[in-house]
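A.B. asks: Numbering (our numbering), first residue to last: 76 to 382. First the structure, then my questions, so here it is.
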Amino acid sequence: MPHSHAPHTYDQRVQAIELASAALGITKRLFVYTPPDVPAGVRVPSIYFLRGHEREWLNVAEDQSRGGKNVVDVYLRLRAAGQIGPLVLVFPGLASDDNTIPSVLVNMRAPELAHGAAGIGSGRFADYFFDELIPYVDAHFPTLGGRTRGLLGFSLGGAMAIKAAAQRPDLFASAGAYDGTFLYAVDRGRRVRTSDGVIRNPMFDAAFGVPRDTRFIAHNSPTNLIARGDAQALSQITWLLGYGPEHHEPWQANFYRGEHMVRTMAERGLVNALPHAQFPAGDHSWRTADAFAELTLPLHDRVLRAA
Numbered sequence: 076m077p078h079s080h081a082p083h084t085y086d087q088r089v090q091a092i093e094l095a096s097a098a099l100g101i102t103k104r105l106f107v108y109t110p111p112d113v114p115a116g117v118r119v120p121s122i123y124f125l126r127g128h129e130r131e132w133l134n135v136a137e138d139q140s141r142g143g144k145n146v147v148d149v150y151l152r153l154r155a156a157g158q159i160g161p162l163v164l165v166f167p168g169l170a171s172d173d174n175t176i177p178s179v180l181v182n183m184r185a186p187e188l189a190h191g192a193a194g195i196g197s198g199r200f201a202d203y204f205f206d207e208l209i210p211y212v213d214a215h216f217p218t219l220g221g222r223t224r225g226l227l228g229f230s231l232g233g234a235m236a237i238k239a240a241a242q243r244p245d246l247f248a249s250a251g252a253y254d255g256t257f258l259y260a261v262d263r264g265r266r267v268r269t270s271d272g273v274i275r276n277p278m279f280d281a282a283f284g285v286p287r288d289t290r291f292i293a294h295n296s297p298t299n300l301i302a303r304g305d306a307q308a309l310s311q312i313t314w315l316l317g318y319g320p321e322h323h324e325p326w327q328a329n330f331y332r333g334e335h336m337v338r339t340m341a342e343r344g345l346v347n348a349l350p351h352a353q354f355p356a357g358d359h360s361w362r363t364a365d366a367f368a369e370l371t372l373p374l375h376d377r378v379l380r381a382a
């Protein structure tokens, strides 16, 4: 049975939930922020913030760039300025408890290669997210459900945000990614570029298998899902992509991966609704991820209220 308790001091404004997952066979934590001004009986849209560990969008010390603020502060600034309405903010844990083994939001190909790491369980993270976590949020928090959900992710979280929306366009009306770690789709989306160093990174052994199951990877890659998905369903989503500049490659920007995703979208007739894709002063930091959230949350808000 899910239960809540006082959260870690990442942010006292959020509620911590320990959700017992039948899919994973373990308990996973998520954080939820509910605007205190939502009247009883009123339901509002929701935004799911993705990265890996549930703390990352909330932890003001996640890196040295944030200046003591997090995305809840961003949200509250926008509310105070009248730029957005009330939103429920959801922060799921989608990695091992120590954040060293990412799920990339798949039902892991070889979860045994996590070697019993806490927080992985059966490795069925896609089943957990779509079939358990989202229904739990809708049942226990004042969310509207339907397609009145948005996604916002940074780095691997950006890749997961686009994957989730492309895989389940029936659940989301908007999806945003800053500096997403997108794989390169080849052969009209049937395969991925196997020379990509990201694919070979050992932290993905559990997710992608050893040797790498490239058909499985292509089936779950957000770029490939865009390339081969139902164009009509994908066109119902508002896509918001941003990434750092070319001169910050390779360690402080995913410029080439972002450009590849935007081109793949354009080939399917999909538009990046963000006013500008590149952040000229952007880097691969939480400062810029929060700035991306500040820029795009009003766009999410407008889309979700019309969904």
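The beta carbon of each residue, even a glycine, is placed where N, CA and C say it ideally should be.
Measuring alpha carbon to alpha carbon, tell me which residue in W132, L188 and H215 is nearest L94.
C.D. replies: Translated into positions along the sequence shown, residue 94 becomes position 19. Selected option, being the one with the closest Cα: H215.
A.B. asks: Give a yes or no on whether the C-beta atoms belonging to E334 and A352 are separated by under 9 Å.
C.D. replies: Locating residue 334 in the sequence shown gives position 259, counting from the first residue. Locating residue 352 in the sequence shown gives position 277, counting from the first residue. Yes, these two residues count as a Cβ contact at 9 Å.
A.B. asks: Is the distance from the Cβ of Q90 to the Cβ of T109 below 9 Å?
C.D. replies: Translated into the one-based positions of the sequence shown, residue 90 becomes position 15. Translated into the one-based positions of the sequence shown, residue 109 becomes position 34. For Q90 and T109, yes; Cβs fall inside 9 Å.
A.B. asks: Give the straight-line distance between the Cα atoms of D138 and R266, rounded to the nearest whole angstrom.
C.D. replies: Along the sequence shown, read from residue 1 onward, the residue named residue 138 stands at position 63. Along the sequence shown, read from residue 1 onward, the residue named residue 266 stands at position 191. Approximately 35 Å, taken between the alpha carbons.
A.B. asks: Do you know whose CA, among G198, S270 and G317, lies nearest T367's CA?
C.D. replies: As a working mapping, residue 367 is identified with position 292 in the sequence shown. Note on residue identity: the sequence assigns Phe, not Thr, to residue 367. Checked all of G198, S270 and G317; the closest Cα to F367 is G317.
A.B. asks: Along the chain, where does the beta strand (DSSP E) containing A95 start, and where does it finish?
C.D. replies: Position 20 of the sequence shown, counted from the first residue, corresponds to residue 95. Unbroken beta strand (DSSP E) run through A95: Q90 to S96.
A.B. asks: Expressed to the nearest angstrom, what Euclidean distance is found between the alpha-carbon atoms of R263 and L300?
C.D. replies: The count along the sequence shown starts at 1 and reaches residue 263 at position 188. The count along the sequence shown starts at 1 and reaches residue 300 at position 225. Roughly 11 Å separates the two Cα atoms.
A.B. asks: Looking only at C-alpha atoms, which of Q242, E369 and A302 sits nearest to Y150?
C.D. replies: Indexing the sequence shown from 1 puts residue 150 at position 75. Considering only alpha carbons, the answer is E369.
A.B. asks: Less than 6 Å between C-beta atoms, sequence neighbours within five positions excluded: which residues of the same chain meet that for A192?
C.D. replies: Sequence index remark: in the sequence shown, residue 192 carries index 117 (1-based). The residues are S171 and I176.
A.B. asks: DSSP three-state call for K103: helix, strand or coil?
C.D. replies: In the sequence shown, counting from the first residue as 1, residue 103 sits at position 28. Strand at K103.
A.B. asks: Based on the DSSP secondary-structure assignment, which residues constitute the bridge partners of L227?
C.D. replies: Walking along the sequence shown from the start, residue 227 turns up at place 152. The partner list for L227 (beta bridge, DSSP) reads F124 and G251.
A.B. asks: Quick one: what does DSSP say L379 is sitting in, helix, strand or coil?
C.D. replies: Against the sequence shown, residue 379 aligns to sequence position 304. Residue state, collapsed to three classes: helix.
A.B. asks: Within 10 angstroms of its Cβ, does A155 collect 16 or more other Cβ (buried), or is it exposed?
C.D. replies: Taking the first residue of the sequence shown as 1, we reach residue 155 at position 80. Classification for A155: exposed.
A.B. asks: With a threshold of 16 other CB atoms inside 10 Å of the CB of G272, please say whether the residue is buried or exposed.
C.D. replies: For this step, residue 272 is matched to residue 197 along the sequence shown. Exposed, since its Cβ has fewer than 16 Cβ neighbours within 10 Å.
A.B. asks: Exposed or buried, what is N295 when buried is set at 16 or more other beta-carbons lying within 10 Å of its beta-carbon?
C.D. replies: Sequence index remark: in the sequence shown, residue 295 carries index 220 (1-based). Buried is the call here.
A.B. asks: Can you name the start and end residues of the beta strand (DSSP E) that T313 belongs to?
C.D. replies: Reading the sequence shown from its first residue, position 238 is the one you call residue 313. Per DSSP, T313 belongs to the beta strand (DSSP E) from T313 to G317.
A.B. asks: Check V119 in the structure and name its three-state DSSP category.
C.D. replies: To locate residue 119, count along the sequence shown from 1; it is residue 44. Of the three classes helix, strand and coil, the one that applies to V119 here is strand, per DSSP.
A.B. asks: Smallest Cα separation from G143: which of L379, R362 and V107?
C.D. replies: Mapped onto the sequence shown, residue 143 falls at position 68. Of the candidates L379, R362 and V107, the one whose C-alpha sits nearest the C-alpha of G143 is R362.
A.B. asks: Does the Cβ of W326 have 16 or more other Cβ atoms within 10 Å, making it buried, or fewer, making it exposed?
C.D. replies: Here residue 326 refers to the residue found at position 251 when the sequence shown is read from its first residue. The residue is exposed, with fewer than 16 neighbouring Cβ atoms inside 10 Å.
A.B. asks: According to DSSP, P177 sits in a beta bridge with which residue or residues?
C.D. replies: Counting from 1 along the sequence shown, the entry for residue 177 is found at position 102. A170.
A.B. asks: Is it right to say H375 is buried, meaning 16 or more other beta carbons lie within 10 angstroms of its own, or is it exposed?
C.D. replies: The residue labelled residue 375 in the question sits at position 300 within the sequence shown. Flag for H375 reads buried.
A.B. asks: Decide yes or no for the touch test of the region 331-346 against the region 110-118: beta carbon pairs closer than 8 Å, at least 3 of them.
C.D. replies: The region 331-346 is not in contact with the region 110-118.
A.B. asks: Judging by CA-CA distance, which residue of F257, V261 and G225 is the nearest neighbour of A250?
C.D. replies: Translated into the one-based positions of the sequence shown, residue 250 becomes position 175. Checked all of F257, V261 and G225; the closest Cα to A250 is G225.
A.B. asks: Which one or two residues does DSSP pair with Y259 in a beta bridge?
C.D. replies: Taking the first residue of the sequence shown as position 1, residue 259 is located at position 184. Y259 pairs with nothing; no bridge assigned.
A.B. asks: Is DSSP giving Y85 helix, strand or coil here?
C.D. replies: As a first step, residue 85 must be located in the sequence shown, where it is residue number 10. Residue state for Y85 is assigned as coil, using DSSP reduced to three classes.
A.B. asks: Could you give the first and the last residue of the continuous alpha helix (DSSP H) run that contains I195?
C.D. replies: Within the sequence shown, numbered from 1, the residue matching residue 195 stands at position 120. Careful: I195 lies outside any alpha helix (DSSP H) and carries neither H nor E.
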